[in-house]
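Each position in the sequence shown, counted from 1, maps to that position plus 44 in our numbering.
For each residue, glycine too, the CB sits at the ideal point set by N, CA and C.
Owing to the predicted nature of the structure, the values given are computational and were not obtained by experimental measurement.
Below: one structure, written as structure tokens.
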Amino acid sequence: MTDHRQDPPQQAISTALIHHPYEPPAGFAAPQPAVHKASTVIFASTAAARARNWKEKTGYTYGLHGTPTTFLLEERIATLEGGLQTLLLPSGLAAIALVDLALLKSGDEVLIPDNSYGPNRELARNQLAGWGIAHRIYDPMDPTAFAAMLSPATKLVWIEPPGSVTMEFPDVPALVQAARARGVRIALDNTWGAGLAFDAFALGADISVHALTKYPSGGGDLLMGAVTTRDEALHLELKYTHMRVGYGVGANDVEAVLRALPSLTLRYAAADRAARTLAQWLATRPEVAQVLHPALPGSPGHEHWARLCTQAAGLFSVVFDERYAFEQVDAFVDALRLFKIGYSWAGPVSLAVPYRLSAIRDEPAWRGALVRFSIGLEDVGDLRADLEQALTAVLGRCLA
Ligand SMILES: *Cc1c(COP(=O)(O)O)cnc(C)c1O
């Protein structure tokens, strides 16, 4: 160890505090990795700066192009998803947008399922349309009609197993096969599966998009997205757009995800178990017309879930009996005490959100009031008691 006190700095304190000789020791080992923050990355020489290739993970160029902390999370998400390359983005929606921006140009068309995560459609409707990129909405449960919609202009299809809010589980291999036959790229929104319920790449996806906001973070306290691939050329296409558009993520948020990943499988399994218990119980209630949970027989696409998946996220929806007005279903949600009202899911707190089906779906068969539940990590008996008291207090008296 050098004793820096023998060599007092000759500079002004403002300079000495920046160019201080002490360096923390390398080789410090702990379970949690260090958090590296940077916009600027310092090079040893002008030659070293010129020699750096920002696309390679063998070194560092600039904060936007990656730090040891972001590279570590990229590698772990790629491992989780069974992919080879991952890009990080400031939200799941930004990850969806990156795929559209990178792969579509004027004159192209993208196919989006009718039950997709809503903002995916809004992006196509309001932004892509303005750039001359068309989109068509397909019925995820009708692969034959889907195949017939593919045209030479179709350059990308989105698949979401299961769909947001209405939870139908599509026949992913049939959709993949139709798109593959036309040479169309397949992007799969893997947020629900979280890399655990099924293998997106084994099912044939070219790109897996994952809102790390959900299970990988698990805290309900940060936003992040990932775009994972298994093909270097496709990864580079996405990476160039990622770089040009300037998407970056904060090191503290990356650290929070790195900290949460070791408990991912436990949290996912616990939420799955509790959600199935509550969904099965709700299916027995007279107020409920249908429970939409892919692991429940009778739920749309259950047979595909049973064939393709081993687990399910802690997420399901309930369609209420037609005798209830939207206002009564809203009052039921307001009467819940442990379940909080809020968007997003996969955090520790259970959530409930009421939807008017006609407002979120093009397909007219979807009518009436639905509540989407995200099951957190509370005791399942307490959650069931909360549902029961709100059902009895608000809807029970309307049953007569
Ligand atoms: C939440 C979610 C997203 C978007 O993630 P954000 O980080 O909230 O932007 C995308 N797809 C699905 C299926 C989601 O549930």
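* Cα-Cα separation between phenylalanine 370 and alanine 413, rounded to whole angstroms -> 6 Å
* DSSP on glutamate 153, reduced to helix/strand/coil? -> strand
* Asked: Beta carbon of serine 343: closer than 7 Å to some heavy atom of ligand 1?
  -> Because no heavy atom of ligand 1 lies under 7 Å away, the Cβ of serine 343 does not count as near it: no.
* On the premise that leucine 200 lies in contact with arginine 226, defined as a C-beta separation below 8 Å, what is that separation, rounded to the nearest angstrom? -> Their Cβ separation, rounded to whole angstroms, is 11 Å, which puts arginine 226 and leucine 200 out of contact at 8 Å.
* To do: Go ahead and label valine 261 buried or exposed: buried means 16 or more other beta carbons lie within 10 angstroms of its beta carbon, across all protein chains shown.
  => According to the sequence as given, residue 261 is serine; it is not valine. Per the 10 Å Cβ criterion, buried.
* **Same chain, Cβ closer than 6 Å to glutamate 204, neighbours up to 5 away in sequence not counted** => Pro157, Ser160, Asp233
* Which of helix, strand or coil DSSP assigns to proline 77 -> coil
* Asked: Going by beta carbon distance, what residues of the same chain come within less than 8 Å of valine 453, once the five residues before and after it are set aside?
  -> Any question about residue 453 goes unanswered here, given that the chain covers just 45 to 444.
* Out of Ala168, Glu166, Ala82, Val216, which has the shortest C-alpha to C-alpha gap to phenylalanine 190? -> Nearest option by C-alpha distance: Val216.
* According to the Cβ coordinates, are threonine 235 and leucine 142 closer than 8 Å? -> no
* Asked: Opposite histidine 179 in the DSSP bridges: which residues?
  -> Its beta-bridge partners are Val154.
* To do: Whole angstroms is fine: what's the gap from phenylalanine 136's alpha carbon to aspartate 243's?
  => Rather than phenylalanine, the amino acid found at residue 136 in this sequence is glycine. Cα to Cα, glycine 136 sits roughly 19 Å from aspartate 243.
* Could you pull out every residue in the same chain whose Cβ sits closer than 7 Å to the Cβ of threonine 46, ignoring the five residues on either side in sequence? => Unreliable positioning characterises threonine 46 in this predicted model, as indicated by a pLDDT of 46, which lies under 50. The coordinate reading is nonetheless provided below. Closer than 7 Å at Cβ, skipping near neighbours: no residue.
* Asked: Hey, quick one: how far does the beta strand (DSSP E) through alanine 396 stretch, first residue to last?
  -> 395-400
* Asked: Under 8 Å, do glutamine 76 and arginine 303 count as touching if we go by C-beta distance?
  -> yes
* List the whole-angstrom C-beta distance separating proline 134 from valine 362, where the pair is believed to meet the contact cut-off of C-beta under 8 Å. => Cβ-Cβ separation between proline 134 and valine 362: approximately 32 Å, too far for a contact (criterion under 8 Å).
* Minimum C-alpha distance to histidine 179 - residue among Gly386, Met193, Ala222, Gly126 -> Looking at the Cα atoms, Met193 is the closest of the given residues.
* Asked: How many angstroms separate the CA atom of tryptophan 175 from the CA atom of proline 214?
  -> 30 Å
* Asked: Do the stretch 100-120 and the stretch 315-324 make contact, defined as three or more Cβ pairs closer than 8 Å?
  -> Result no; under three Cβ-Cβ pairs closer than 8 Å.
* **Counted within 10 angstroms of its Cβ, other Cβ atoms place tyrosine 182 as buried (16 or more) or exposed** => buried
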